[in-house]
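Comments concern the structure below.
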Amino acid sequence: MGGAREALAEVSEGPDVVTGETAPAAVPARWPVPGWNVLPIVEGLVLLIALVLPFVLQDYLTVFATRVVILALFALSFDLVWGYAGIMSFGQALFFGAAGYGVALLARDLNVTSIFLILPAGTLIGLTAALLLGGFLLLGRYPSSVIFVSLGTLTGSYAADRLARGWYYLGGQNGIPSIPPLSLGSIDISEGPVYYYMALGILVVVYLLCRFLVRSQFGLALAGLRENEQRIAFFGYKAQHLKAIVFAIGGTIAGLAGSLYAFHEGFVWPNMLGVVFSTQVVLYVLFGGSGTLIGAVIGTVIIEGVSFWLSDNYRDVWPIILGVLLLLVIMFRPLGLISFVLGERERVGTFGKAPKERR
Amino acid sequence: MATSFAAAFEIVSFGAIIVLVVLGLGIIASMMGIFNFAQGEFVLLGAYVTYLASAHGAPIWVGMIAAPFVVGALGFVLEALIIRRFYAAPIVAMLGTYALGLIIRESVRGLIGGFYLTVPEPIGGSIDLGSIHISAWRFTIIVITLLVMAACYLLLSRTSFGLRVRATLENPALARASGISTPLIYGATFAFGAALAGLAGALIVPVFSLFADLGIRFLIQGFVAVMVGGVGSFIGPVAGAAVIGTLSAALPWIMSPVVADVLVFVLAIAFIKFRPQGLIAGKGV
Numbered sequence: 000m001g002g003a004r005e006a007l008a009e010v011s012e013g014p015d016v017v018t019g020e021t022a023p024a025a026v027p028a029r030w031p032v033p034g035w036n037v038l039p040i041v042e043g044l045v046l047l048i049a050l051v052l053p054f055v056l057q058d059y060l061t062v063f064a065t066r067v068v069i070l071a072l073f074a075l076s077f078d079l080v081w082g083y084a085g086i087m088s089f090g091q092a093l094f095f096g097a098a099g100y101g102v103a104l105l106a107r108d109l110n111v112t113s114i115f116l117i118l119p120a121g122t123l124i125g126l127t128a129a130l131l132l133g134g135f136l137l138l139g140r141y142p143s144s145v146i147f148v149s150l151g152t153l154t155g156s157y158a159a160d161r162l163a164r165g166w167y168y169l170g171g172q173n174g175i176p177s178i179p180p181l182s183l184g185s186i187d188i189s190e191g192p193v194y195y196y197m198a199l200g201i202l203v204v205v206y207l208l209c210r211f212l213v214r215s216q217f218g219l220a221l222a223g224l225r226e227n228e229q230r231i232a233f234f235g236y237k238a239q240h241l242k243a244i245v246f247a248i249g250g251t252i253a254g255l256a257g258s259l260y261a262f263h264e265g266f267v268w269p270n271m272l273g274v275v276f277s278t279q280v281v282l283y284v285l286f287g288g289s290g291t292l293i294g295a296v297i298g299t300v301i302i303e304g305v306s307f308w309l310s311d312n313y314r315d316v317w318p319i320i321l322g323v324l325l326l327l328v329i330m331f332r333p334l335g336l337i338s339f340v341l342g343e344r345e346r347v348g349t350f351g352k353a354p355k356e357r358r
Numbered sequence: 000m001a002t003s004f005a006a007a008f009e010i011v012s013f014g015a016i017i018v019l020v021v022l023g024l025g026i027i028a029s030m031m032g033i034f035n036f037a038q039g040e041f042v043l044l045g046a047y048v049t050y051l052a053s054a055h056g057a058p059i060w061v062g063m064i065a066a067p068f069v070v071g072a073l074g075f076v077l078e079a080l081i082i083r084r085f086y087a088a089p090i091v092a093m094l095g096t097y098a099l100g101l102i103i104r105e106s107v108r109g110l111i112g113g114f115y116l117t118v119p120e121p122i123g124g125s126i127d128l129g130s131i132h133i134s135a136w137r138f139t140i141i142v143i144t145l146l147v148m149a150a151c152y153l154l155l156s157r158t159s160f161g162l163r164v165r166a167t168l169e170n171p172a173l174a175r176a177s178g179i180s181t182p183l184i185y186g187a188t189f190a191f192g193a194a195l196a197g198l199a200g201a202l203i204v205p206v207f208s209l210f211a212d213l214g215i216r217f218l219i220q221g222f223v224a225v226m227v228g229g230v231g232s233f234i235g236p237v238a239g240a241a242v243i244g245t246l247s248a249a250l251p252w253i254m255s256p257v258v259a260d261v262l263v264f265v266l267a268i269a270f271i272k273f274r275p276q277g278l279i280a281g282k283g284v
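Sequence order for the protein chains is D and C. Using numbering that gives the first Met the number 0, read the first sequence as starting at 0 and increasing by one per residue. Using numbering that gives the first Met the number 0, read the second sequence as starting at 0 and increasing by one per residue.
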């Protein structure tokens with residue numbers, strides 16, 4: 000129980016929380032066998048399963064798997080923002096949905112479906128939205144409180160949802176239906192194995208970029224930010240700027256995921272912008288394990304998979320089970336499912352070549 | 000004249016409803032530092048209890064009186080079992096209470112199905128003032144809101160319980176050293192906040208009818224109101240709720256409802272950004 004409570008304090012990012020005092024006590028207990036890296040094995044396994052999946056699954060399941068891959072990309076964006084920089088973005092769907100709506104409008108009004116225009120456009124929309132919102136919420140003369148940032152993002156997402164619901168140009172409650180398929184030259188990329196591998200390829204590339212990012216010096220600063228923001232500020236880092244940068248990167252990835260999602264589903268609807276998707280992605284990441292990139296992916300796969308599997312017979316009960324599971328994870332496994340196999344040292348990771356100290 | 004009076008009544012009555020919902024949220028946020036995401040579901044539960052009572056043939060006011068007690072008791076239990084673990088970590092508290100809210104909401108959804116269930120008004124009809132007719136029940140809500148506000152204020156500022164609550168808020172360590180059982184105070188405060196939400200749910204269910212997403216509608220508005228008013232005092236969130244409630248009821252009269260809806264949130268967030276301490280800064284009552 001003590002361990003759980005200490006880890007709880009570690010997940011919380013409040014500068015006034017006594018993280019610095021409790022964290023070291025939690026570390027030694029969980030170290031795995033030295034020299035044995037679990038993370039690459041887990042990552043390799045997940046990639047392997049993802050690669051062979053379309054050969055084993057029926058067609059309609061491949062479509063479902065594609066959706067999960069895109070949502071995993073979305074989860075990655077939230078994990079970067081919350082798991083690494085400690086910004087609770089309760090409105091991550093704002094960027095996801097804004098990009099989705101943006102590319103849907105491009106396709107509907109301008110007949111643009113080329114993949115080389117759509118994906119950059121979606122990414123750009125996500126980036127712009129995140130820069131605007133993040134710049135407003137995070138930057139400024141005084142540091143914003145964690146509560147303000149989380150409620151601000153939540154409110155932003157909720158307001159966008161309401162706007163989309165009421166605005167006739169965006170299709171109101173029904174959203175924008177029947178988006179034409181994505182095209183590469185004269186070929187249509189419709190849902191199925193091709194779309195799956197494309198989404199998976201993008202996910203792998205983004206994952207590797209993120210992995211590089213969080214293992215760089217920048218990532219080290221981020222880890223410090225997450226563990227103790229005040230100390231990082233005393234070291235001379237501009238904590239606000241770091242946060243705004245990560246927030247923008249997160250928004251960019253969410254935008255990419257949103258444009259993929261819009262074209263995969265073939266329609267966009269207000270929930271994509273709003274609280275539903277925003278909280279969904281929080282569930283994925285918390286469940287899988289925030290602060291590890293692969294945790295976000297695993298959480299998405301498990302939650303979406305089980306929800307798909309249960310939806311035939313236990314549709315009504317599933318959200319309740321999900322709530323209970325989430326509560327249990329928050330209370331007893333704050334680092335998510337991945338923490339069953341992944342030790343504390345590997346989660347934090349090493350930076351640079353020959354680490355003299357363990358942290 | 001008649002329409003502007005009707006508009007004013009609409010605005011005041013919606014403002015009263017928001018104040019009623021925010022009271023509990025504000026007390027929990029100010030006194031305990033927790034933004035309770037399950038508050039909307041406490042409102043929903045209050046509404047559900049009222050509906051149950053009326054569905055089983057009891058007079059509606061029986062359900063309305065029972066609702067705050069049932070929800071308050073549940074709040075006390077939840078605080079002791081779960082919320083208590085989250086005090087040091089505001090973000091984890093948000094997530095934990097969100098999970099709680101999810102459980103409550105989906106359970107109620109399972110119980111009532113996807114329907115909109117109506118509950119009749121205990122005081123029906125309308126009050127006629129010359130050519131103007133105003134809903135008697137909405138008028139009653141305004142009166143009850145004023146009474147509840149006054150009672151809360153007196154409870155926190157004049158009684159020894161209120162003194163203990165404020166002492167615990169101000170300096171928990173010193174309060175403990177002075178012999179105040181802070182865990183009990185926290186439990187009681189949380190139960191009190193939950194009970195207020197239950198009461199709010201019971202009173203508004205005849206107006207909005209019962210559906211599973213009843214609480215969500217008020218939750219974000221409530222949070223924004225608490226932030227605008229200022230966390231840390233009793234009067235701050237109430238003032239914030241009055242401002243937000245009035246704005247969101249008044250703006251649709253002068254511009255398109257969609258724009259008004261979004262504008263309220265944008266204005267509120269911008270206000271909080273440049274005045275983080277809120278309308279009324281400071282601790283205490």
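Positions of the beta carbon are idealized from the N, C-alpha and C atoms, including for glycine. Quick caveat, the model's predicted, so the values are computed rather than measured.
Spatial neighbours of Val263(C) in its own chain (CB-CB distance under 6 Å, excluding positions within 5 residues in sequence) are listed in chain order as Leu246 and Ser247.
Residue-level contact check: Tyr97(C) touches chain D, since one or more beta carbons of chain D fall below 8 Å from its beta carbon. Between Leu272(D) and Gly99(D), the alpha-carbon positions lie close to 9 Å from each other. For Tyr168(D), none of the residues of chain C pass the 8 Å Cβ criterion, the least Cβ distance being about 11 Å. Under the DSSP assignment, Ser277(D) falls in the alpha helix (DSSP H) whose first and last residues are Val274 to Gly287. Phe73(D) and Ile252(D) have their alpha carbons spaced roughly 7 Å apart.
Residue-level contact by beta carbon fails for Gly56(C) and chain D, as no gap is shorter than 8 Å. Using beta-carbon distances, Pro89(C) counts as an interface residue toward chain D, with a partner under 8 Å. Using a Cβ distance threshold of 8 Å, Val284(D) and Leu46(D) do not count as a contacting pair.
Taking 8 Å as the CB threshold, Ser289(D) stays off the interface with chain C. For Asp160(D), the uninterrupted alpha helix (DSSP H) run begins and ends at Val145 to Gly165, by DSSP.
For Leu321(D), the nearest beta carbon of chain C is closer than 8 Å to its own beta carbon.
Annotation: Ile122(C) to Leu173(C) spans about 48 Å, alpha carbon to alpha carbon.
Taking the C-beta atoms as reference points, Gly100(C) is found nearer than 8 Å to Glu40(C). A Cβ-Cβ separation of about 6 Å places Glu190(D) in contact with Thr65(D) under the 8 Å criterion.
Going by C-alpha positions, Ile231(D) is about 40 Å away from Gly214(C). When 7 Å is used as the limit between beta carbons, Ala158(D) is near these residues of chain C: Val261, Phe264 and Val265, in chain order. Excluding the 5 residues flanking it on each side, Gly229(C) has same chain C-beta neighbours closer than 6 Å at Gly235, Gln276, Gly277, Leu278, Ile279 and Ala280, in chain order. Neighbours of Pro269(D) across chain C, judged by C-beta separation under 8 Å, do not exist; the nearest C-beta is about 12 Å away. Secondary structure of Ile140(C) (DSSP, three-state): helix. Leaving aside the five residues that flank Ala249(C) on each side, the residues in its chain whose CB is nearer than 6 Å to its CB run, in chain order, Ile10.
Distance from the CA atom of Ile17(C) to the CA atom of Phe138(C), rounded to whole angstroms, is 14 Å. Contacts with chain C at 8 Å (Cβ-Cβ) include Leu326(D). With contacts defined as CB atoms closer than 8 Å, Val107(C) and Leu43(C) qualify as a contacting pair.
Taking 8 Å as the CB threshold, Arg84(C) lines the interface with chain D. In the three-state reduction of the DSSP assignment, Val45(D) falls in the helix class, which pools H, G and I. Around Arg161(D), the beta-carbon contacts reaching into chain C at under 7 Å are Asp260 and Val261.
Per DSSP, reduced to three states, the secondary structure at His55(C) is coil, with no helix or strand assignment. Close to chain C, meaning a Cβ-Cβ distance shorter than 7 Å, is no residue of the stretch 212-238 of chain D at all.
Among the residues facing chain D, Val223(C) is included, as its CB has a counterpart in that chain under 8 Å away.
Per DSSP, the unbroken beta strand (DSSP E) holding Asp127(C) starts and ends at Ser125 to Leu128.
Using a Cβ-Cβ cut-off of 7 Å, Val21(C) is close to nothing in chain D; its nearest Cβ partner there is about 14 Å away.
Contact of Val257(C) with chain D is assigned, a C-beta pair being separated by under 8 Å.
Distances from the alpha-carbon of Ala98(C) to those of Val340(D), Val67(D) and Leu325(D) put Leu325(D) closest.
Counting other Cβ atoms within 10 Å of its Cβ, Phe217(C) reaches 16 or more and is therefore classed as buried. Put simply, the CB of Gly165(D) is near chain C, with a gap under 8 Å to one of its CB atoms.
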